[in-house]
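Each residue of the sequence shown is one higher than the one before, starting from 123 at the first, in the working numbering.
Heads up, the beta-carbon is just placed ideally off N, CA and C, and yes, glycines get one too.
As the structure is a prediction and not an experimental result, all values here were calculated from the model.
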Amino acid sequence: MNVDRITEKLNILADAAKYDVSCASSGSDRKNKDKGLGNASNGICHSYTEDGRCVSLLKILLTNHCIFDCAYCVSRKNNDIKRAAFTVQEVVDLTINFYRRNYIEGLFLSSGIFKDADYTMERLVRVAKKLRTEHNFNGYIHLKSIPGASEELMREAGLYADRLSVNLEMPTEAGLKLLAPDKNRQDMIDPMQFLKKEIIQNTEEKKLFKKAPMFAPAGQSTQVIVGATPENDQQVLQSANYFYKNFNLKRVYYSGYVPVLADQRLPALNTAVPLVRENRLYQADWLMRFYGFHVNEIVNNQNPLLDLDIDPKLSWAIRNMQVFPIDINKADLQLILRVPGIGLLSAQKIMAARKFAKLGWEQLKKIGVAVNRARYFITCNSNEFERRDLTGQNIKQFIMAQSQSKYNKNTQIQLNLF
Ligand code: SF4
123 MNVDRITEKL NILADAAKYD VSCASSGSDR KNKDKGLGNA SNGICHSYTE DGRCVSLLKI
183 LLTNHCIFDC AYCVSRKNND IKRAAFTVQE VVDLTINFYR RNYIEGLFLS SGIFKDADYT
243 MERLVRVAKK LRTEHNFNGY IHLKSIPGAS EELMREAGLY ADRLSVNLEM PTEAGLKLLA
303 PDKNRQDMID PMQFLKKEII QNTEEKKLFK KAPMFAPAGQ STQVIVGATP ENDQQVLQSA
363 NYFYKNFNLK RVYYSGYVPV LADQRLPALN TAVPLVRENR LYQADWLMRF YGFHVNEIVN
423 NQNPLLDLDI DPKLSWAIRN MQVFPIDINK ADLQLILRVP GIGLLSAQKI MAARKFAKLG
483 WEQLKKIGVA VNRARYFITC NSNEFERRDL TGQNIKQFIM AQSQSKYNKN TQIQLNLF
């Protein structure tokens, strides 16, 4: 093996892969078998950088050669950059070597389009197949599905990968047309539809035959680039909501566009999307998936942009002060989940604890409630804070004065693995 050449390729292809953020590995429980390598159980790949990105996967492109010319992408064919391509065997060897040295817990493999979709997808599938069948590798594998690849290849990919993802890239079809006119939204929707169908079918088969082979046990996800086109948060979240509902996605990843290319269709080079916007989108996404919020409650025609100063749950509460205060000892779970400062776990603990005693501030603190926020929106078994003359704006100011949000620094630091 020519170590210098491999190192050079690694530098080029890991750097090119850093713009894809869809690499968290939750949701798979592939077990180690036959004394194989690795174990992609829940929790194995949950190392994140400070900005929330997963770092314990070997995250590379198979190649940064590409026949397409998407304006937002460093690998676009008309960008004058160094190009490289791994062979299938090189990616397999790197994964095994890095795994044995404890550098990584799995592989995230994406690619530019070599010649056509099938030609590229076939190589991605071969990497996963070799790892599973020749090296008995049971670590986590996330493969990018190449839009336009045949159903046979997609089906094979699902047999070896834990997760598959098709990137939507732009939040709307109009955005895609503007920046990637060669691409077609339907080419992204078709594989998502196919994966959804196969995943559902596999779940049914597993119920009948325990030994039926797994198919993408960690499901499918997608990535949306935010800020390369002018879509507002309402459009971004409505699009995410549509894809969650119609394609059973596990996750939508929001990637703030980092201007690295000069193009009159793109934002200027020194106008990176503030990291706080990405963070607010993830918080809003969480509210939709776990807290029972409808997307229109978070963003709508009156409020198309997420408030960057405060999180979306607090923002909703301040706009809906008529709902509060609620009695923490009587309200139902759905309402308690809407109180700023009360998370999913705390809400469940409250429901359990109040069966035995009426809860006051001390008990709520012990449960894990952020009382400095929640106290403006609830009553409990205490008179300690009974000031109810504050407006939503007063509350916002008080809370902002108290908390020094770590997201106030709008620095955009791209993850660099190597
Ligand atoms: S197809 Fe993918 S790799 Fe190729 S230019 Fe477009 S976004 Fe980049």
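For residue 390, the CB contacts under 7 Å within the same chain, skipping 5 residues up- and downstream, are 381 in chain order. Contact annotation, residue 301 with residue 192: C-beta distance approximately 6 Å; criterion of less than 8 Å satisfied. The continuous alpha helix (DSSP H) containing residue 402 extends over residues 397–412. Within 10 angstroms of the beta-carbon of residue 473 lie fewer than 16 other beta-carbons, which makes it exposed. DSSP lists 207 as the beta-bridge partner residues of residue 185. Listed in chain order, the non-local C-beta contacts of residue 256 below 8 Å within the same chain comprise 214, local neighbours out to five positions each way being set aside. Here residue 403 really is in contact with residue 348; their C-beta atoms are around 7 Å apart, less than 8 Å.
With a minimum length of 4 residues, the unbroken runs of alpha helix (DSSP H) contained wholly in the segment 475–512 fall at 483–489 and 493–496. Per DSSP, the continuous alpha helix (DSSP H) segment holding residue 515 begins and ends at 514–524. If only uninterrupted beta strand (DSSP E) runs of at least 3 residues are considered, those enclosed by the segment 341–385 are 342–348 and 373–378.
Around the C-beta of residue 414, fewer than 16 other C-beta atoms lie within 10 Å, and the residue is accordingly described as exposed. Between residue 360 and residue 417, the C-beta spacing is below 8 Å. Annotation for residue 307 indicates a beta carbon at 7 Å or more from all heavy atoms of the ligand SF4. About 6 Å separates the beta carbons of residue 253 and residue 217, which is inside the 8 Å limit, making them a contact pair. Annotation for residue 285: the continuous beta strand (DSSP E) segment containing it runs 285–287. Contact check for residue 182 against residue 135 passes: the beta carbons are separated by less than 8 Å.
Contact between residue 430 and residue 421 is ruled out by a C-beta separation of about 13 Å, above the 8 Å threshold.
For residue 420, the uninterrupted alpha helix (DSSP H) run begins and ends at 417–420, by DSSP. Taking 8 Å as the cut-off, the beta carbon of residue 339 is found no closer than this to the beta carbon of residue 304. Checking the 7 Å criterion, the Cβ of residue 191 is within range of a heavy atom belonging to the ligand SF4. Not one heavy atom of the ligand SF4 falls within 7 Å of the beta-carbon of residue 203.
Of 483, 491, 260 and 519, the smallest CA-CA separation from residue 505 is found for 483. Rounded to whole angstroms, the Cβ separation of residue 426 and residue 500 is 29 Å, and the two are not in contact under 8 Å. At least one heavy atom of the ligand SF4 lies closer than 7 Å to the C-beta of residue 302. Residues 307 of the same chain have their beta carbon placed closer than 7 Å to that of residue 295, with the five preceding and five following residues left out of the count. Approximately 4 Å separates the beta-carbon atoms of residue 206 and residue 131; this is inside 8 Å, confirming the contact.
Contact between the segment 310–322 and the segment 264–281 is present: three or more C-beta pairs spanning the two stretches fall below 8 Å.
Set against 7 Å, the gap from the CB of residue 198 to the closest heavy atom of the ligand SF4 is smaller.
Residue 128 sits in a helix when the DSSP states are folded into three classes.
Boundaries of the alpha helix (DSSP H) harbouring residue 311: 307–330, taken from the DSSP string. Judged by their CB atoms, residue 139 and residue 287 are not nearer to each other than the 8 Å cut-off. Across the set 461, 194 and 488, the C-alpha of 488 shows the shortest separation from the C-alpha of residue 471. DSSP places residue 220 in the helix class (H, G or I) of the three-state scheme. Annotated as distal: residue 465 and residue 495, with beta-carbon spacing of 8 Å or more. Residue 468 sits in a helix when the DSSP states are folded into three classes.
The beta carbons of residue 373 and residue 343 sit closer together than 8 Å.
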